[in-house]
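Numbering (UniProt numbering), first residue to last: 1 to 148.
By construction, the Cβ of each residue, glycine as well, lies at the ideal position given by its N, Cα and C atoms.
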Amino acid sequence: MAGNECRRWHGTKRLCNIGDNPANPTLCTQGGCSMCSILRTSFKVAKANVSGRIFHRFGKGIYVSSTSSKAYNYASNGGLASQYSMIMLTNVIVGQGHKLTQDSQRLTGPPVGYHSVLEEVAGSLVYDELAVYNDDAIRPSWLVVYKY
């Protein structure tokens, strides 16, 4: 891994059955299937936070956590009837991370001199979070398919 690179979990919307059957790993072409979009072209900040969620702790960025449970909170099957769900383990370049102690929803990037934004467990935050604002700072590495 590159300098100050770490592995973090990411959960997102899945609108197809990718992962349900290991014999059929075909990516779908549905525009709203964030999972297949990320697997096809990697992460894109321009497509971040299009899930319809209103609250974005650090503005429009790509969010990850060291805790898989946090990623699970964002993994959805979009109404798909499936007994499986998916989260991904990513490689993220943290660079110089700017630590925040409170929400800053209007951010469009880290402050000058920083590469990412970090918030550690404190106050209303139960899990740590990391946000990056550069497409090249994050790559999907592993998919975890689980039955719930």
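Check the Cβ-Cβ distances between residue i and every residue of chain B, and say whether any is below 7 Å.
{"i": "Glu119", "result": "The chain labelled as chain B is not found in the depicted structure, where only one protein chain is given."}
On the criterion of 16 or more Cβ atoms from any shown chain inside 10 Å, does residue i qualify as buried, or is it exposed?
{"i": "Val121", "result": "exposed"}
{"i": "Asn24", "result": "exposed"}
{"i": "Ala48", "result": "buried"}
{"i": "Thr12", "result": "buried"}
{"i": "Arg106", "result": "exposed"}
{"i": "Gly61", "result": "buried"}
{"i": "Lys70", "result": "buried"}
{"i": "Asn77", "result": "buried"}
{"i": "Val126", "result": "exposed"}
{"i": "residue 190", "result": "The structure shown has nothing for residue 190, since the chain only spans 1 to 148."}
{"i": "Pro110", "result": "buried"}
{"i": "Tyr133", "result": "buried"}
{"i": "Ala46", "result": "exposed"}
Which residues does DSSP pair with residue i in a beta bridge?
{"i": "Leu118", "result": "Lys99, Leu130"}
{"i": "Tyr63", "result": "Ala131"}
{"i": "Ile38", "result": "Looking at the DSSP assignment, Ile38 forms no beta bridge with any residue, so it has no partner."}
{"i": "Tyr146", "result": "Ser85"}
{"i": "Lys70", "result": "None; Lys70 has no bridge partner."}
{"i": "Leu125", "result": "Ala122"}
{"i": "Cys16", "result": "DSSP, once it has assigned bridges, lists no residue as partnering Cys16."}
{"i": "Asn91", "result": "Arg7, Arg139"}
{"i": "Ser76", "result": "Lys13"}
Assuming the contact rule is C-beta atoms closer than 8 Å, residue i and residue j should be a hit. Round their C-beta distance to whole Å, please.
{"i": "Trp9", "j": "Val64", "result": "6 Å"}
{"i": "Leu138", "j": "Phe58", "result": "The question names Leu, but residue 138 in the sequence shown is Ile. Actually they are not in contact, since the Cβ atoms of Ile138 and Phe58 sit about 14 Å apart, beyond 8 Å."}
{"i": "Leu100", "j": "Val112", "result": "Leu100 to Val112, Cβ: 15 Å. No contact."}
{"i": "Gln82", "j": "Asp20", "result": "The sequence shown places Ser at residue 82, not Gln. The Cβ separation is near 6 Å, so the contact holds."}
- prompt: Any contact of the region 85-95 with the region 132-148, i.e. 3+ C-beta pairs under 8 Å?
  reply: Between the region 85-95 and the region 132-148 there are three or more inter-stretch CB-CB distances shorter than 8 Å, so the stretches are counted as touching.
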